[in-house]
Every structure is written in structure tokens, then in C-alpha cells.
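Everything on this sheet refers to the single structure shown next.
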Amino acid sequence: MSGWPGEPYPLGATYDGRGTNFSLFSEHADGVGLCLFDDAGREEQIELTEVTAFCWHARLPDVGAGQRYGYRVRGPYRPAEGLLYNPTKLVLDPYARAIEGAVRWDEAVFGYAFDAPQADERRNALDSSDCVPRSVVVDPSFDWGSDVPLRTPWHETVVYEAHVRGLTMRHPEVPPPLRGTFAGLATPALIHHLEHLGITALELLPVHHFVDDRQLAERGLVNYWGYNSIGFFAPHAAYSAAGQRGGQVREFKAMVKALHAAGIEVILDVVYNHTGEGGALGPTLSLRGIDNDAYYRLDPADRRRYIDYTGTGNTMNMRHPHVLQLILDSLRYWVLEMHVDGFRFDLAATLARELHDVDRLSAFFDLIQQDPVVSQVKLIAEPWDVGEGGYQVGNFPPLWSEWNGRYRDTVRDYWRGAERGVAEFAYRLTGSSDLYASNGRRPYASINFVTCHDGFTLRDLVSYDRKHNRANGEQGRDGSDDNRSWNCGIEGDTEDPEVRSLRRRQQRNFLATLLLSQGVPMLLGGDEIDRTQRGNNNAYCQDNHLSWFDWELTPWARNLCDFVAALVRLRQHHPVLHRRKWFEGRPLHGSGVSDIGWFTPEGKEMTDLEWRQGFVKSIGVFLNGDEIASPGPHGERVRDDSLFVLLNAHHEVVDFRMPLGRWGQRWTTILDTFRDEPLSQGPSRRAGQRVAVEGRSLQLLRRDG
């Protein structure tokens, strides 16, 4: 096949209707062969002779959409120098828009010879072509109509974290061929459920094309969560019902379009900190065979080894300009071409490591800040990694919001009755100003969550004291031991009516606390329908009924789902529950009534001594709605009802006295997590009267006079 020189940019395979331009970066290669595959799997190799700024490129006018391809990259094999070139290995294009096929675990996919006296001493000569996926040329055309990325204001956002397969695999109204796919997620039944909940953003676990780990395959398991990316531009092929020769791209776009039509943003959980090639003895699938020395962080003392801040064997080299370009190009692609609305960055502290220390002014953050596309979407950091000094909650730049692990821990401790300072709980309930206010950030910098994919579900949080991970095949060694859970007296399922009632009340307490807190609430998908993983707190390899949502809902699950939906509506109806600015604790307009007030059960404002007492199980919080500190969209003053939250984590009833004087004359209960119908209107109380808050419950009261 004859070709033209083509262009070095854009990288990847770019089809324009008249042919395809191919470009691959490799700084240390001696030669690059572009391999094209026909429908029978026969390979034709075309030598790329044009090289511009280390980009090997050509334009092939006879190559169109659907063409399968890969690369063979020649160069030195000197492991001690970090150079691992091996032309017998077919490697994926890092910029491939679609990927087809899975890894077949055979010696051929490894770059080193298994029978060498020393690991990686000799290059493996086995051809890997029959064992590895193919890159696919994609036609980018799609009828978006009037669709554009959504821009729901941060302070009005409610996030729902879910898995493409888990959400759809067992839903009876999703046609069987569409279950577990992007198309299944776009069906009316699933979208109706999300609309009923009132969530504004769907955060999907990784959808970049990923590979299953060898050790999981040997145990008959898979990498269900998908934190093992091998293609930063390609939607995961196994999530497509439309075929793999580019159909997955159109299907993903159709899903986004359908969700946008329902007013739901799409946020992607992205894994740029490492790839699925693993450590020094991992397979050669893409970057390792293209330019190992450029793409990965190598140990300066022994360049055979990788620096590993992720616990997965390798770390992307964020100090190299082409690695930064790869990530920024990928992010822009998902915004501009796929119309996604934001990203949650897995182990984001790794992306900030310039040398070894986490640096919030690193090149990665500088580039994000300056990028006119990426800087305008929602950016969420998982603010930690597994390296030394990797826990960085509160330390990301102003553009970023963060998963607030301290919120999770504090709220769990409060409702399980652990001793923890009341000031800590107060900070978490009001947006965590101690973490985010000092550098110009707002309450929505805090992504509040009680549960997420990594850990217990909400039902399991109140049903298990210990993890039960035997199904993972690691003798229960995997998963966190610091769950801060409480089984309410019995481990696992029980028919004991008192324990079941307490567990359901605790579920309501957690959900109500989450949705009454300042910041951005994130719900774990399935918590609203009482989903359980039978005590497994690390179901990353469980692509089965343990992880899939059970849509045969019990009466309690339906009741819980309606409760969550009502809480979301309550939150959205009251601006005082999702303020754009911090509480200041000072009177409004000389009224003598502060924007927030903290009270003892006796109706007295908390004193400095009481704040220092440490753990307090019962506390009242006044939220002044007379004027919200942040103006409306046109600068108008926003007024709301004033609310009073009464929280009682004690096991016995506590009588709260409503404060006298200027705080309010009459209060009506609008939420009581002790009741079977928690959001039905309750009795009114006058100032000075007592409100009985049952053990381990909370009430929300509205000021009516």
C-alpha cells in the first residue's frame, strides 16, 4: 500500500473521509512499522520513514474507518537503561479512538524471555500479534443535534457514582442485548430512575479501554472496576452493544446525548496515573514497547524498575512533555468530541508528583489551569495515592473539587457512636472550610460522600463490622480494615426486627446527613435501593450478582429510593442547604441573628468550652435563610426558609429545647429519620418548647414564624 508523508500532528489515526493520517511519538526508536490487518487477520506492514520531532508519521489515502491496526517499534533492548524495544510485539496506538479484542495471556505478550537465567535479560522473540488487541480507525462523524456539554452550577450538583455494567445488567426493562452496555444505560428505564432520584450528574467508573490483570484471569476473575487503562481515548469495547469497529464510539456518544436530554451531566472516572502494563515483569501492550523511558517513571538507581505510587506496578512520567500532551489531548477529546462534562481523577496526587513530593503547582496543574477547554469542566481529584506523603485532602488548586475522605470518616464515626471532636463534625457538615477556605475555594470544593465504589455499600456499612472478601481469592487480605462501620449488634443478614429497624434508621441518618450538608453530595449507585455486596468491601474483581444492581425491589428498597428522591428535592428546594459561599457565623443586616448557629440540647448557643469538650452526641444547627450569602444568577438577593437540624447519635431519646428569642417563634418538623414516613410534616413547636429526638435519629425543622 502506497502512502504520503502525512503530518506529525494530530497524533493517532485521524480519518477525514479521504484517508487516514497516522502519527506515533517515540523518542528512542530506530524504526516504526505500521501494521494493517484485514478481516482474515492477515498483516501488512508499512514502514514509517517520515519523522518530525520524534513523531513517526504517514498518510494513507486508501485507509478508512474500521481499519484494524497496530505498531511494531524497533530499537535497543537494554533493560538497565530502561529501553525495552521489541518488534515482535504488536503494540496499541496510545491515541487509538477505538480498541478491539482482549489480551490472551501467553508468554508472547511479554517482552522478555521466560527461560532467561535472569528476569528481562534476553528479549522474547515470540510474536504477540495473535494475543493482543487491535487499534481501530474511527469515523468521528455523529449527529449531535443541539447537544452541548452541560454546565450545572457546582453548588446545585448532586453526583451519582455508578458502573456501566453494574447498573444495567439485571434491569428487566433493559433488552438483554443491551445489558451491561452504554446503550443499556441510555434506555428510558434507566434514565427514568436517575430522573426520579433528581441527581444532576452521573459519575461513571472507568470507561477508557482497560485490560484484565493476569493474576485475576488465572483465578477466573476479571478487573470489573476497570482501573487498568490501556487506551486513554477509546471507550471500553466490552461496554458496547454496537460492535467493536468504531461502533463503541457512536454508542457512547448516543448515551451522552440521551443523558444530556434528561439534564444529567456525564463525569468520567479517569486513570492517568498508571496503565495496565504493570511492573517490570508485566506485558508489552503499548507504551512500554513504544518508549518505556519516556512514558514511565523509572527508578534512577535501577532503570529496570518502576517508581510505583499507585500500587499497580508503574507510574506515568508526568515530567515528560509528551506524557502531559497525551493526557491533555485525551481530556480535550472527551470534552470536545464525546461531550462529557467533567472528570474524576483516580489517585490524583500521583499526577502532582514532580520529583517525589506532591506539588500542587506541578506542570500538570499549570496546564489544566491554562487550557481553555479542560479548565471549564468539572474537575474532581481523588486527593491521595499510596506513596509517602500522598494523602493530600484540601491541598489541590482552586479549580478543583476533591473527594473528601475526612467527611466520610467523620460522618461514619458520628453515627456509629465513636468518640470524635464535635468541631470536626461541624466542619464537615458545613462544607469543610478548614480544608478549603484558605485558598479561595468554595464549599463545593468538597465532594461529600459516605460510601463509594471502594468499600462497603450503605446497607453493608450498617450490617457488617468486618470485611468478607473471600470471593476475591486473596484469603481476605485485600480491602481496607478501617471501615468505621457498625453492624448494629449482629454480623450480616438477620431477621431480628429491632436490628433491622435500627439499620434502616441508620441508612436514613447517613443519607439525610449527606444531603443536608454543605458541599457537593455524592451517592453511591445502588445505595438508594438497599444494594448489598454481602460484606465485600473490595469488589473490584466481581463482575457478577455480587456487584450488579438487583432491580427486584423489596418494599423497603422502594421506600428507601423514594426517600432519597425526596431528600434531593428538599435540598434543591432550599438554597440554604447548598450555599455558594461559606457561613461566616455573624449576624445578617444587624438583625442579631447569625447566618448559622450551634446549640446544645438545652437551646443555648455552644460556648468555647463546649466546643473544646470533644465528642458530643447531640447538637442543634440553625441555618438562616433570611438571606443567602450568595446572590442569584442575576444578582438578586436569595431568600429561603430558615431551618433547624437536630442531630442525636445517642442511643436514647434526647429532648431538645427550641431556642428563645430572635431565632424563631414557631417551628414545624419536616424530616424525622425515626419515622417510617420520614418526610411527612410533623407537629409544630413554639420557641422554648421541647422536641423529642429519638435515639440515633435526626430531625429537620422549618421556621414558620
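Count along the sequence shown from 1, add 944, and you get the number used in the numbering used here. For each residue, glycine too, the CB sits at the ideal point set by N, CA and C. As the structure is a prediction and not an experimental result, all values here were calculated from the model.
Reduced DSSP secondary structure (H/G/I, E/B, other) of His1204: helix
At least 3 beta-carbon pairs within less than 8 Å: the segment 1471-1489 vs the segment 1391-1406: yes
Integer-rounded CB distance, given that Gly1190 should sit under 8 Å from Val1279: About 20 Å; that fails the 8 Å criterion.
Distance CB(Leu1129)-CB(Val1151) smaller than 7 Å: no
Environment of Pro1061 [buried if 16+ CB atoms lie within 10 Å]: exposed
Separation of Gly1089 from Gly950, as counted between CA atoms: 32 Å
Three or more C-beta pairs below 8 Å linking the segment 1160-1180 and the segment 1033-1052: yes
Pair within 7 Å by beta-carbon distance, Ile1135 and Ala1186: no
Unbroken stretches of the beta strand (DSSP E), 3 residues or longer, contained in the segment 1159-1190: 1173-1179
Pairwise C-alpha distance: Met1260 and Leu1567: 46 Å
Test item: CB-CB of Gln1477 and Leu1490 under 7 Å: yes
Spatial distance of Leu1036 from Thr993 (CA atoms): 19 Å
Meets three-Cβ-pair contact criterion under 8 Å: the segment 1139-1150 and the segment 1500-1516: yes
Arg1601 and Glu1546 closer than 7 Å at C-beta: yes
Other residues of its chain near Asn1236: CB distance less than 6 Å, five sequence neighbours each side excluded: Gly1026, Leu1028
Beta strand (DSSP E) segments (min. 3 residues) lying fully within the segment 994-1077: 994-996, 999-1004, 1012-1018, 1042-1044
DSSP three-state assignment for Arg1288, whether helix, strand or coil: strand
Neighbourhood of Trp948 by C-beta, 6 Å cutoff - its chain only, sequence neighbours within 5 removed: Arg1003
With 16 other Cβ atoms within 10 Å as the buried cut-off, status of Trp1098: buried
Nearest candidate by alpha-carbon position, reference Gln989, set Arg1447, Leu1034, Gln1419: Leu1034
Cβ neighbours of Arg1048 in the same chain (closer than 7 Å, five flanking residues each side left out): Cys1075
DSSP bridge partner residues for Thr1354 (one or two, in chain order): According to DSSP, which records beta bridges pairwise, Thr1354 is partnered with nothing at all.
Beta bridge counterpart(s) of Leu1645 as assigned by DSSP: Phe1588, Thr1613
Segment contact, 8 Å Cβ cut-off, at least three pairs: the segment 1316-1328 with the segment 1280-1289: yes
Straight-line gap, Phe1309 to Gly1338 (C-alpha atoms, nearest Å): 15 Å
Backbone secondary structure at Asp1083 - three-state DSSP: coil
Beta-carbon separation (whole angstroms), Ala1133 vs Val1118, contact threshold 8 Å: 6 Å
Rounded straight-line distance, which links the Cα of Asp1006 to that of Gly963: 6 Å
Ala1057 vs Arg1066 beta-carbon contact at 7 Å: yes
Through-space distance from Asp974 to Leu1299, alpha-carbon basis: With a pLDDT of only 49 at Leu1299, under the threshold of 50, the placement of this residue in the model should not be trusted, and no figure is reported.
Beta-carbon proximity of Leu1521 to Arg1513, cut-off 7 Å: no
Spatially closest choice to Val1082 from Gly1008, Thr1101, Leu1094, by CA coordinates: Gly1008
Contacting residues, own chain, Cβ-Cβ under 7 Å from Tyr1021 (five flanking each side not counted): Leu1027, Leu1028, Tyr1029, Asn1030, Arg1067
Pro1465, enclosing beta strand (DSSP E) - first and last residue: 1464-1468
Where Trp1607 falls: helix, strand or coil (DSSP): helix
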